[in-house]
Amino acid sequence: MNKLFIVLLTLLFNVQQANAMNVDLFMDKYIAPVSDTVASWIFYPVKIGSSSVPIIIFWILAAGIFFTLFFRGISIWGLKHAIDVVCKPADKSSDGNGEVSSFQALATALSGTIGIGSIAGVAISISIGGPGAAFWIFAGAILGMSIKFVEASLAVKYRRFNLDGTVSGGPMHYIAHGLTRKKMRWLGQPLSAVFAVLCIGGAISGGNMIQINQSA
């Protein structure tokens, strides 16, 4: 009986190993060329003096500066209100809709960003750029909060209440429904589907593997 169990376990291991090799070959043959092409567009290097900066950095900076100016420094003057909303008890008499409280939403958001942004990101930035990098971390945080404010506002605006009482929302919804309302369904639907698929990879790698590695 023990010998039969060992034989079956060996066969199962070999089958799993073969499947893993097939997946690796498929990824290298079909997925890698596409991802390399997309990465070459997103991280296209722009020369600034003797250094090169990926073009995506300029897009993020442009969005952060625009939204910060458009909302007149929401990251600064809205900080007190944000703290009050999170810390004060929820008003039971209010007619607000949703599945989670403000504090639960904050805790969920922080759980996916603290490991990468606050531990690994800060340590790497200061180790490479020196103490002066701390200033740019603060500046980037102010601009980033403006972008996050817009993302959260769109998620609330285009969220959907299901028949069972649950709420569906997020970038997949506001990309699809927002662009559809602007008569650009042909663009919104594919972009939302691509974003949803890429989120799976981001959740597995950035949301789990990197944070586990930093914790260990």
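Here the sequence shown stands for residues 24 to 239, where the numbers follow the numbering used here.
A virtual CB, placed ideally from N, CA and C, is assigned to each residue, including glycine.
Nothing here was measured: the structure is a model prediction, and the numbers come from that model.
Beta carbon of residue i nearer than 8 Å to that of residue j
{"i": "Gly-211", "j": "Ala-199", "result": "yes"}
{"i": "Gly-87", "j": "Ile-160", "result": "no"}
{"i": "Arg-204", "j": "Ser-191", "result": "no"}
{"i": "Ser-58", "j": "Pro-68", "result": "no"}
{"i": "Ile-147", "j": "Ser-98", "result": "no"}
{"i": "Ile-151", "j": "Ala-157", "result": "no"}
{"i": "Thr-189", "j": "Glu-122", "result": "yes"}
{"i": "Ala-216", "j": "Gly-193", "result": "no"}
{"i": "Arg-208", "j": "Leu-202", "result": "yes"}
Host alpha helix (DSSP H) of residue i (start-end)
{"i": "Ile-149", "result": "144-152"}
{"i": "Ser-98", "result": "97-100"}
{"i": "Ile-227", "result": "208-227"}
{"i": "Val-57", "result": "55-65"}
{"i": "Phe-126", "result": "125-134"}
First and last residue of the uninterrupted beta strand (DSSP E) at residue i
{"i": "Ser-21", "result": "The chain is shown from 24 up to 239; residue 21 falls before or after that span and cannot be answered."}
Residue from the options whose Cα sits closest to the Cα of residue i
{"i": "Cys-110", "options": "Pro-68, Ile-65, Ser-124, Tyr-181", "result": "Ser-124"}
{"i": "Ala-62", "options": "Ile-71, Gly-153, Pro-77", "result": "Pro-77"}
{"i": "Ser-176", "options": "Asp-187, Ala-164, Tyr-197", "result": "Tyr-197"}
{"i": "Ile-79", "options": "Lys-70, Phe-90, Phe-66", "result": "Phe-66"}
{"i": "Met-168", "options": "Pro-194, Gly-101, Ser-73, Trp-64", "result": "Gly-101"}
{"i": "Ala-105", "options": "Asn-185, Pro-194, Leu-129, Cys-222", "result": "Leu-129"}
{"i": "Gly-144", "options": "Gly-163, Asp-187, Ile-223", "result": "Gly-163"}
{"i": "Ala-226", "options": "Trp-64, Trp-82, Ser-73, Ser-134", "result": "Ser-134"}
{"i": "Trp-64", "options": "Ile-71, Trp-82, Asp-107, Gly-72", "result": "Trp-82"}
Counterpart residues of residue i in DSSP-defined beta bridges
{"i": "Phe-184", "result": "Val-190"}
{"i": "Ile-71", "result": "Ser-74"}
Contact with chain B by residue i, beta-carbon distance below 8 Å
{"i": "Phe-93", "result": "Among the protein chains of the structure shown there is no chain B, as only one such chain exists."}
TODO: Give a yes or no on contact between the stretch 83-102 and the stretch 164-178, applying the rule of three or more CB pairs nearer than 8 Å.
DONE: Contact between the stretch 83-102 and the stretch 164-178 is present, because at least three Cβ pairs lie under 8 Å.
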